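J.: Counting along the sequence shown from 1, when you hit position 545 you're at 545 in full-length UniProt numbering, and nothing is skipped either side. Don't be surprised by glycine CBs; every beta carbon is placed ideally from N, CA and C. Owing to the predicted nature of the structure, the values given are computational and were not obtained by experimental measurement. Below is the structure I would like to discuss, written out as structure tokens.
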Amino acid sequence: MSCLSDTSYVQELREKVQTKDSAVVELKLTAGQLTPKLSQHDTDLVDGKIRESQARQSSLLSSIDQKLQGYGQLKTDLDTLRSQAQAYIDWLDECDARVKVGEDAGLSLGQLEARVEELKMLEQELGEMQSALEAVSDKTQALLADLPARERRDMETLLASVQTRHNELFGKVSEECRQREEVSDQVQQIQERMQQHRTWLQETRATTDQYDVIRLTAADVDKQLERCKSTVSRAQTRSDRLSEIRTKLAALDEIAGNTARKELDQSLEELSVQQESVVSRLREQQSNLRDCVDSRHKFETDCVKVDRWAADTELKCGTDQAGMQDPEQRLADLKNLSNAVHVFESLVKETTDLGESFFPSLYLEDHPLLTAQLQALQDKFLRASSVVESSTEQLESKLASQGQAQDQVTQCEQFLMAVQGEIKKAVRPIGFDAKDAELVQAVFKSLEEKLSTHTPTMDQLRESCERLREDGQVSLVDDITRLSDLHQTLADQVMAQIETCMSAVSQRQLFYQLLEAQEQIVSECETSMEAASNQPLEDRVQGYKNVLGKLQQLEPDLPIMAEKAAHIGTQGTEDDLATATAVVGKLTNKIHAQKASTQTQIAQCEALQREREGFETSINSLMTWLEEKESVLASCKELQLDSAKVLPVIAKHKTTSAEAQEKIKTIKDQAMAERSKFEAMSEPLPADVSDRLLQITALEESISSAISKKEQYLDSALTDRRQLENSMVQVTDWLHGASEILDSGVSGLDYDTLEGTLSEFTDYFTEASLCQDELDQVAELSEHLMPTLDSNDATTLEQSVAGVQRKFTQVMTGAHGRQGHLEQKLKQWNNFQEQLAAVSERLDVLEGEWQEVDHSADASVDAVQSHLELVKTFLEHAETSRSLVDSLNQVARDLERAGNQESCASIARHVQTVNERWEALTGQAEARVITLEEIGGQWGDFSTMLASVNTVVQESETRLAIVSLDDVTVTQMGQQLDNLKEIDANLERIQPQVSRLQTSSITLQKALPTAEAKITSQEQFLEIGERYERLVKQVKEITSTMQEEADARQSAIAELSQCFDWLTETLTSLQTYIDAGVTAEERLSRNKLCQAELKHQMEGLTALMTSLESLYRATGRDVPAEITDKLSEVQSLEKQVETILKEEEETLMQLREDRVEFLKLLADVTAWLRRADVQLQNRLVVLPQAREDHQVSGKEPQRVLLAF
């Protein structure tokens, strides 16, 4: 029976009860009419019956109204539940449609995330709806108890279908959400990795932008280069991470071919392009930084050169240096500095251009520094060049004026000294010859003219004394004063000598006039003698006689001549006096000799005539030969510079001189023979013969003297040349050795033997003083040799000596610079060795520390983090030693510039070893940082997932531990099944996490550095994996077992409940039927049907309990108390129903009989009431008759009512 039919039935009952109101009213009216006729007891009884009937009617109406109200509310609630169920089913259909629509795989990343959020919201809504469903289910359970069995089953079916539909959609949404979440997590991980890489690229790009801006100093650029190298290394390491991302993306098959996959591929490709761009840019910047380091080093070196040159130039141009140096040497130095200005001008321009080329890429804060540096460079150069220029101009002007004055002083001094020398030469005793006096006079007049022509110069010098004294040239002023006095003294001397000479000239002119007259006569006589000598002997005697007469006329004038000659001779020296006396004596002797000769000649003409021809021929031949050999014998002509070429000249001279002496000896023998003949003849020797003899003797003496002088000249020249050659050889050998020593380092220095080289160098150049002595000797010898050389050899010798001196100066200058350079390099080499030892020791310490730092076990995340902090601390600590390595590299570069190939190779090998150790150490540390960061991240993810899975597994184990089949009700078992389903759902939900955990464990196994860490992580994963698998298996087994028992219990309880409900319904129906006034026949018919149904129900219940007992007996357990209690309730209710049915049957049988009697009485009452009604409605005609009839009618109802 449906709720609607029950409501209709109840409504019909109410209408039927309401129809009885008129009967009750009539009954009350009838009772009111009969009451006066009845006794009080009967009246009370009638009233009581009527009130009881009214109360029962009112109670029945109230009950009916309550039933109607309950059925109405129940109907409203059921309609509401049905509408809500239908609305929820429609909403579930919409959600299912949304889920199906969202199953399209062609989603973008944003759509995928939105899809995940949508599914999460939908899952959350479904979860919230689950609570609402449970509340509705509880509310429905309260309503179901009031519903008929069919409608209750319909509602239960409706609710079950709604719950099933909800569970299916919730499971589908949860599964879809987990799948999408897993994909989203993987995509998010990839995106996070890509975002990290993108962030790193942005940071690296910002870093590369920093490398575009380059610092000014070479040390800072070198640091930038090292950081750039480190960045390049990290960028190459990051490329491997892109490969890992690409591998993970390739493994993401869930979205293969999707729009999201395309977006990820595109993003990854963009990252790869950006990575390649960044790496390429970094490598370009690394190359640029290398070039910048070289250019910075060159710029700094050039600036230092210019600074040093400017400082040295200003120092050299200072007043202190000016006072300490010779002006000429200072001018030469300033000239050299002027030449250096031109050299450094190009260097400054080149350096300035190089510095200005730094501006486009220069660090902005370094712009003022570079500008100031370039300006300072220009200022220093301009200041130094201006100082040099001004100093040079001032010194040149000063030297020009001083030089002019000095030249004038020198010229004046030379002139005056020359004049003084000439005066000294000219101031000599005046010879007896007038020409001598005239010559002396002319000399002094010329000296007077010279002195007078030089007077303006002296006046000019005297005028410049004041200026020169202001310039500090006191010595020059003193010289000028001295020269002025000397000039005046010399002028006075010259004037005195001129006057003396004028007097001497007049005396000698008179003497010489007489002397010339007599000499002329003697000369004429000699001429006549000579003329006569050329005449035949017969004519010669007459000529001789004429000559003899003239000579005899001259003899009276000879004493006068002697007196005058004695006077003239007193004006000269004794030699002059002797010469004057000799002149007169000579003239006298000559006259006498001429006279005697003439006489002898006259006597011997004939004897001489015979031998004259052969003798004259011999003499003429000898003279001719001597004239030919004169240049060989007597002339000290210029010789060649080479001593080897002087020896042939000496040999030739010896040969020629021997030959000349032999010839002279032969002629002399002939002359002596002639003389012997004249002596033998007692004849005076003829003048010509005498002259010949004198000529021969003089010739012999002159030849011997010339030969001796020339021999001395040649021997001295040879000796000087040999000494010069020996000295030049010694100097040249020493300079050659010095040049070799200086040039020995051209190919580079050998630093291993540098100390010995410096010692040898110092020892060798200690002998420079000996070389200087040899150079002085060379200069002295060259001065001696100059007169003996021709112009070419003299020039050659001067150039050779000058070249040697210049070479010596250059060698000594180079030696000083070389020695300073060697000492500096030796200091740098010792510093390099000390730094190398310090850096090696520092690297040994760092490597030992690194071994201790890197020795960590890394067996846990905390250990990895601690290890990472230790490595970072070690890196920071190690970076403090970078300055030592950089300093060592800088010193090594300085040494390599001057070292030879072996030394450079040795230095490079040491530095390379240090750099390799340093780079290996820092590279290992940086790589370890990256590795530990990755391991920490991976292990952190692994630990997070492990903790998450462990939490779920531990919670599931805890919840599973309270699940039991003993002493639980079906509701509790349902709750436990729900708990198991939740546990299973949770385990299924974390199954992707377990898979990812397995993948992460494998990845972590590859990344972990120690076996202990690998074992630890593997044990953690294996433990959680075994627990998870064991738990999944236990949940499935327990769920299956509990589900089977729950189904059995639910089936049994459902049947018991159904039976109980049927019994309850039957009991209620029985009660309802009794109260509803159903006819006894109907109630009896229904009672029989109920008895048959009760029997059927109890037989089925007995069969169910038999099967349950056998089932639980098989498992060794008793039938659950819930079932037995329910069975007891059913059995108790069954007894109640059975009792009621029996009582109802008896009651109905009795009721059937009572009803027959009641109907009969009711028919009587009804008939009486009709009659009474008719009687009451009739008109009273005969009152007594009417009263009698009324009294009879009144008694009859009383009897009927009593019977009723």
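Which of the three DSSP states, helix, strand or coil, is assigned to Leu960?
T.: helix
J.: Is any heavy atom of the ligand ZN found at a distance shorter than 6 Å from the C-beta of Gly549?
T.: Absence of the ligand ZN from the depicted structure is noted, as is the absence of any ligand whatsoever, leaving it without description.
J.: Less than 7 Å between the beta carbons of Leu395 and Leu331, yes or no?
T.: yes
J.: Taking Glu228 as part of the alpha helix (DSSP H), name the residues at either end of that continuous run.
T.: Checking the sequence shown, residue 228 turns out to be Cys, not Glu. Note, Cys228: alpha helix (DSSP H), 218 to 250.
J.: When you compare the CB positions of Gln712 and Glu774, do they come within less than 7 Å of one another, or not?
T.: no
J.: To the nearest angstrom, how far is the alpha carbon of Gln1150 from that of Glu1143?
T.: 10 Å
J.: DSSP puts Leu749 in a beta bridge; with which residues?
T.: Gly899
J.: Quick check: the Cα distance between Glu181 and Gly1025, rounded to an integer number of angstroms?
T.: 21 Å
J.: Which one of Val116, Met155, Asp1125 has the shortest CA to CA distance from Gln84?
T.: Of Val116, Met155, Asp1125, the smallest CA-CA separation from Gln84 is found for Met155.
J.: Do Ile591 and Ala580 have their C-beta atoms closer together than 7 Å?
T.: no
J.: What are the partner residues of Leu362, as DSSP defines its beta bridges?
T.: Answer is Ile214.
J.: Would DSSP call Val505 helix, strand or coil?
T.: helix
J.: How is Val1119 classed by DSSP in three states: helix, strand or coil?
T.: coil
J.: Report, in whole angstroms, the separation of the C-beta atoms of Leu946 and Leu987, which I expect to be a contact under 8 Å.
T.: Not quite, the Cβ-Cβ distance comes to about 15 Å (not below 8 Å), so this is no contact.
J.: Three-state secondary structure (DSSP) at Thr969?
T.: coil
J.: What are the boundary residues of the alpha helix (DSSP H) that includes Arg469?
T.: Its alpha helix (DSSP H) spans residues 465 to 470.
J.: Consult DSSP for Gln473 and reduce its assignment to one of helix, strand or coil.
T.: Residue state, collapsed to three classes: coil.
J.: Look up Arg428 in the DSSP assignment and say whether it is helix, strand or coil.
T.: Note: Arg428 maps to coil in three-state DSSP.
J.: To the nearest angstrom, how far is it from the Cα of Leu268 to the Cα of Glu244?
T.: Between Leu268 and Glu244, the C-alpha separation is close to 11 Å.
J.: Return the residue from the list Gly936, Glu957, Thr588 that minimises the CA-CA distance to Val864.
T.: Gly936
J.: Can you tell me which of Pro456, Thr1102, Leu868 puts its alpha carbon nearest to the alpha carbon of Glu934?
T.: Leu868
J.: So, is Gln414 buried or exposed, given that buried needs 16 or more other C-beta atoms within 10 angstroms?
T.: In summary, Gln414 is exposed, with fewer than 16 beta-carbon neighbours lying within 10 Å of its beta-carbon over all protein chains present.
J.: Roughly how many angstroms lie between the CA atoms of Gln972 and Cys1090, to the nearest whole one?
T.: 34 Å
J.: Helix, strand or coil for residue 1246, going by three-state DSSP, please let me know.
T.: The requested residue 1246 does not occur in the structure, where the chain is confined to residues 1 to 1204.
J.: Roughly how many angstroms separate the alpha carbons of Ser361 and Asp212, rounded to a whole number?
T.: 6 Å
J.: Please specify which runs of the alpha helix (DSSP H), each continuous and at least 4 residues long, are wholly inside the region 511 to 590, giving them in chain order.
T.: 537 to 554, 558 to 570
J.: Quick check for students: name the residue ranges of the alpha helix (DSSP H) that lie wholly in the region 861 to 894, counting only runs of 4 or more.
T.: 861 to 879
J.: When you compare only the Cα positions, how much space is there between Arg721 and Gly737?
T.: 23 Å
J.: Determine, using beta-carbon pairs with one atom in the region 110 to 129 and one in the region 202 to 219, whether at least three such pairs fall under 8 Å.
T.: no
J.: Please state whether the Cβ-Cβ distance between Ile405 and Ser464 is less than 7 Å.
T.: Before going on, a small fix: residue 405 reads as Ala here, not Ile. Their beta carbons are under 7 Å apart, which means Ala405 touches Ser464 by this criterion.
J.: Exposed or buried, Lys316, counting other C-beta atoms within 10 Å across all chains shown (16 or more means buried)?
T.: buried
J.: What's the gap between the Cα of Asn167 and the Cα of Glu176?
T.: 14 Å
J.: For Thr1039, count neighbouring Cβ atoms within 10 angstroms of its own Cβ and tell me buried if that reaches 16, exposed if not.
T.: Taking every protein chain shown into account, the CB of Thr1039 has 16 or more other CB atoms within 10 angstroms, so this residue is buried.
J.: Distance check for Ile962 and Leu1111, CA to CA, integer angstroms please.
T.: Between Leu1111 and Ile962, the C-alpha separation is close to 24 Å.
J.: Between the C-alpha atoms of Lys981 and Gly974, what's the straight-line distance to the nearest angstrom?
T.: In this model, Lys981 and Gly974 are separated by some 10 Å (Cα to Cα).
J.: For Arg818, collect the residues of the same chain with a Cβ closer than 6 Å to its Cβ; drop the 5 residues on either side in sequence, then sort them by chain order.
T.: Leu742
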